[in-house]
Amino acid sequence: MRLLMVGLDNAGKTTIVKRLNGEDISTISPTLGFNIKTMDFNGYKLNIWDVGGQRTLRPYWRNYYEKTDGLIWVVDSADLARLSDCRDELRGLLQEERLFGATLLILANKQDIPSALTIPQLEEVRTCMCMCV
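No gaps in the numbering here: position 69 of the sequence shown is 79 in our numbering, and each next residue is one more.
As structure tokens, then:
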């Protein structure tokens, strides 16, 4: 199963993948390009494509859409200033024909930060993001 993990820079995509894989997360550098991790989960072989989210890298996301089974959109739920940018980028992804049929998971990361959005606020954001297409 091919999973594409994308989101804005500094959302925590690489940290999530490394933690799931049991790797050290004490030093994480920004992803310039992509990382692929293969892991077994409940009898499924997962190929997770962790793609850098810097603005200059986002046009290259389309190179990873082919044969994607699942899309994991990671949101930094403590970065309120970038939520509209986050919504706009997700809107673009959801209009990509090569991603039609892929399952979407919106993952609200950094919930441990006190300024992170609450569950009701996250539900509002999710509704707004999903209504954008």
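Backbone N, C-alpha and C define an ideal beta-carbon position, used for all residues, glycine too.
Note that the structure is predicted; figures quoted are calculated from it, not measured.
Integer-rounded CB distance, given that residue j should sit under 8 Å from residue i
i: residue 12; j: residue 78; result: 5 Å
i: residue 49; j: residue 20; result: Rounded, the Cβ-Cβ distance is 23 Å, inconsistent with contact.
i: residue 90; j: residue 109; result: Actually they do not touch by this definition, with Cβ atoms about 27 Å apart.
i: residue 27; j: residue 45; result: 7 Å
i: residue 95; j: residue 14; result: About 19 Å; that fails the 8 Å criterion.
Per DSSP, cross-strand counterpart(s) of residue i
i: residue 15; result: 60, 82
i: residue 50; result: 55
i: residue 45; result: 60
CB of residue i within 9 Å of CB of residue j, strictly
i: residue 93; j: residue 62; result: no
i: residue 60; j: residue 47; result: yes
Extract the residue ranges of the beta strand (DSSP E) inside the stretch 63–137, only unbroken runs of 3 or more that lie entirely within it. 80–86, 113–119
Fill in: contact_flag[the stretch 78–97, the stretch 123–136] where n(CB pairs < 8 Å) is 3 or more
yes
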